[in-house]
Structures are given as C-alpha cells and as structure tokens.
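Read the structure below first, then the notes.
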Amino acid sequence: MAAASQAQRRYIILQQAAEWFALLESDAAGEAERAKWQRWLDADPMHASTWQQVLAISGQFRSLPPAPARAALAGGAAQGRRAFAAMLVAAVGGVALWQWNKREDDAGVALANTGYDSGVGQLRQLRLPDGGILQLDTDSLAELGYNATARRIVLRRGRIHVSSAPDTQQPARPLLVQTAQGTLRALGTRFEVRQFDGCTQLSVEQGAVEITPLQGPAIVVPAGQGAQFDAHHSAQPVAASAAAPAWTRRMLLADNMRLDDFLQELGRYRHGYLGCSPEVAHLRLVGAYPLDDQPTIFSMLEASLPVRVRQHMPWWVSVSARHQPD
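Going by our numbering, the sequence shown opens with residue 2, and the numbers climb by one from there.
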C-alpha cells in the first residue's frame with residue numbers, strides 16, 4: 002500500500018516539524034538545538050515544505066487568546082511544548098492530509114486485491130471488480146481479496162457501505178465482509194458495516210445479510226433491520242436506524258440524539274477537539290446536518306438549542322450553555 006506508506010511518512014515528518022517548532026519557540030532551545038533543527042530541515046525537501054505549513058498554521062494561533070498549552074509553551078514547559086505540538090499536528094494534518102486524501106477514484110477501473118483507506122473527513126466511493134460499489138466512511142480502512150472461491154472485503158477500521166452485484170464468474174462466489182468479530186455474507190443486497198472496539202454493527206437496506214460470529218451460530222438479518230454482534234453471539238435483529246446510510250450522502254441525521262453523542266459522531270469527520278460541557282450533554286437533537294459544512298452545523302445548533310459554540314482555536318471547538326461565561 003504505497004499511498005498509505007507515503008501518508009504515514011508525511012505524518013511522521015509533520016510530527017517532527019511540530020515538535021521542532023514548539024522547541025524553537027520556547028526558552029529551552031540553545032545553539033545546539035538550533036543546529037540540529039537546521040540539519041533536519043536541510044535533510045529532505047519534504048522537511049522544508051512541511052516546515053512552511055507549520056509556520057503558516059502557527060500564525061493563526063498567534064492571533065488568538067493564550068490557551069493553557071500556549072502559556073506553557075511560553076514558559077518552556079516540556080508538557081506544554083508537547084501539547085502545543087499536538088495542536089499543530091492536528092491543525093496542519095487537517096489541511097495537509099485532507100489535501101493528500103481528497104481525490105476522485107476512477108470509476109472505470111476495477112480495484113485490485115489490496116487495501117484502501119479514507120482520511121479524516123473524507124468519503125471514498127470505489128468500484129469493485131465484480132461491478133459492485135464500496136463506499137468508505139471517514140477514517141476507514143478496508144482490504145480486498147478476490148480469488149477463485151470468494152469475494153472478500155476485510156474491514157479493518159471504520160465503516161463501509163456495500164452495494165453488491167451479481168458475480169461475473171460461475172459458479173458464483175460468495176461476497177463476504179470480514180471483521181474482527183466474524184463474517185457477513187451478502188444475499189443480494191445493500192448494507193453497511195461498522196467496526197467498533199469489541200463488536201460489529203450491521204444495517205441492511207436491501208436483500209439480506211447472514212452474520213456468522215467467530216465462535217457463534219449464524220443468523221440472517223433482513224432488509225430494514227440491523228444487528229450487533231461480537232465474537233461469540235449476535236443480538237436479535239432490530240429496526241435499522243434511518244440515519245444509518247445518511248453518511249453516504251454526506252449528511253448526519255439526528256433522531257432524538259443526545260448532544261454529546263452527536264458531537265462525538267461529528268468529531269469523526271474533523272481533526273482536533275470537539276466536545277460540550279456536562280450541563281448541555283443531555284440536550285436532544287432532531288435534524289439533518291451537512292457534513293461538508295460544519296460552520297452551518299454549528300449555527301444550526303445555536304439556533305435550535307440553548308447553547309453557544311466557541312472556536313477557541315482553529316481545531317478546538319467547544320459547546321456550552323448560552324448563559325455560561327467564558
């Protein structure tokens with residue numbers, strides 16, 4: 002996975018650049034440290050270009066009120082430098098990795114047996130070798146393994162949506178989705194699968210899907226229903242949430258959703274911190290929110306709930322009660 006390796010290298014360099022910036026901005030940097038930084042900067046053209054990105058983003062921080070990390074940085078505290086470096090990584094990563102990952106996949110080219118990932122905030126749509134469609138939600142990773150006996154998708158992280166197609170080979174091979182907890186077999190269908198820590202969530206739009214946990218009996222989930230399973234057993238199917246496939250249309254649906262749960266879900270589509278104070282966490286939301294326009298989402302929250310959205314830094318957003326002082 003050359004693209005994934007390149008993205009990982011870019012992220013490592015970004016971390017290094019942010020750490021160098023935090024050190025050089027503090028009182029702890031001496032001539033020896035500055036000489037080491039210069040050698041690092043000259044060692045690779047990508048070091049220099051990433052350094053320029055860090056400088057550009059850091060300029061946005063200077064115009065903002067001092068935050069704890071910035072105050073600690075000014076005092077030279079190692080913990081503060083690490084905190085400020087982490088903020089820079091989140092900020093620059095949100096721009097650089099978005100630009101790196103934002104690409105359109107050629108709909109005319111069938112995918113080979115390999116892995117495909119999506120960046121934070123990115124949704125990808127890919128055509129499978131049999132003509133089906135695979136969509137990757139934000140920050141997701143899936144691997145394909147098509148051979149003579151099976152069409153297999155391995156979900157390593159995040160969420161996918163599958164629109165299956167009849168197999169082009171005879172005898173027809175099963176279409177399987179494998180997760181850490183078991184295997185799902187498509188029975189002529191559209192469905193989505195989400196990998197959580199310790200369990201898998203299935204939602205079926207059309208047709209049916211058979212779930213077989215690693216160490217448990219199989220069940221079939223029909224259209225309009227969903228089920229969660231772990232390695233040992235599957236829960237009984239229940240009515241699937243209408244919000245389940247909304248992300249494929251770049252929407253986030255809330256149907257009587259708690260504000261803290263909503264922000265946690267929205268936070269999957271952005272870098273940095275997004276959270277709320279305990280006194281507003283219980284407030285309920287109903288509506289459709291455009292994932293591509295988060296400023297509009299924040300305005301909608303302020304219009305529909307007694308809350309105030311504060312952007313303390315470019316990548317630090319908090320929601321509090323409207324009457325709560327700064």
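The beta-carbon is built from N, C-alpha and C at its ideal position, and this holds for glycine as well.
Taking the alpha carbon of residue i as the point to measure from, which residue in the options has its own alpha carbon closest?
i, options, result
"V318", "F299, P307, L306", "F299"
"Q229", "G208, A247, D198, R251", "D198"
"V308", "Y290, A282, P296", "A282"
"P279", "S164, S119, V210, V320", "V320"
"H324", "Y274, D118, Q196, E303", "E303"
"G276", "A289, Y270, D261", "D261"
"H234", "I212, Q170, S119, P296", "I212"
"A289", "R259, M252, N257", "M252"
"V287", "P296, Y274, A255, Y270", "A255"
Apply the 10 Å Cβ neighbour rule to residue i and answer buried if 16 or more other Cβ atoms are within range, or exposed otherwise.
i, result
"V222", "buried"
"L98", "Unreliable positioning characterises L98 in this predicted model, as indicated by a pLDDT of 38, which lies under 50. The coordinate reading is nonetheless provided below. L98 comes out buried."
"S305", "exposed"
"P172", "exposed"
"L65", "Residue placement at L65 cannot be trusted, given a pLDDT of 41 that sits under 50; what the coordinates show is reported in the next sentence. L65 should be labelled exposed."
"Q61", "In this prediction, Q61 has a pLDDT of 45, which is less than 50 and means its spatial position is unreliable; nothing more can be read from the coordinates."
"Q207", "exposed"
"H272", "buried"
"I13", "exposed"
"R10", "exposed"
"Q39", "exposed"
"R191", "buried"
"V239", "exposed"
"D294", "exposed"
"W316", "buried"
"P46", "exposed"
"L145", "buried"
"P214", "buried"
"L56", "exposed"
"Q170", "exposed"
"T297", "exposed"
Please state if the CB of residue j and the CB of residue i are separated by a distance shorter than 8 Å.
i, j, result
"L137", "I154", "no"
"P130", "A151", "no"
"V328", "L156", "Past the boundaries of the shown model lies residue 328; the chain is included only from 2 to 327, so the question cannot be answered."
"A205", "A236", "Rather than Ala, the amino acid found at residue 205 in this sequence is Val. Contact flag unset, no."
"G1", "A187", "This structure leaves residue 1 out entirely; the chain is present only between 2 and 327."
"T51", "L24", "no"
"A19", "H48", "no"
"A241", "Q226", "yes"
"Q159", "Q196", "A small correction: the amino acid at residue 159 is Gly; Gln does not occupy that position in the sequence shown. Result yes, Cβ atoms of G159 and Q196 sit closer than 8 Å."
"M314", "R285", "no"
"L292", "Y274", "no"
Which partner residues does residue i have in the DSSP bridge list?
i, result
"V318", "L275, Q312"
"L56", "DSSP, once it has assigned bridges, lists no residue as partnering L56."
"A209", "P223"
"V367", "Lying outside 2 to 327, the shown extent of the chain, residue 367 is not represented and no answer is given."
"L145", "I154"
"E193", "H162, S204"
"V239", "G227"
"T184", "Q179, T213"
"Y117", "A143"
Say whether the region 257-269 touches the region 213-221, bearing in mind that this needs 3 or more beta-carbon pairs closer than 8 Å, one atom from each stretch.
no
Using 8 Å as the threshold, is the region 180-188 in touch with the region 116-132, meaning 3 or more CB pairs across them?
no
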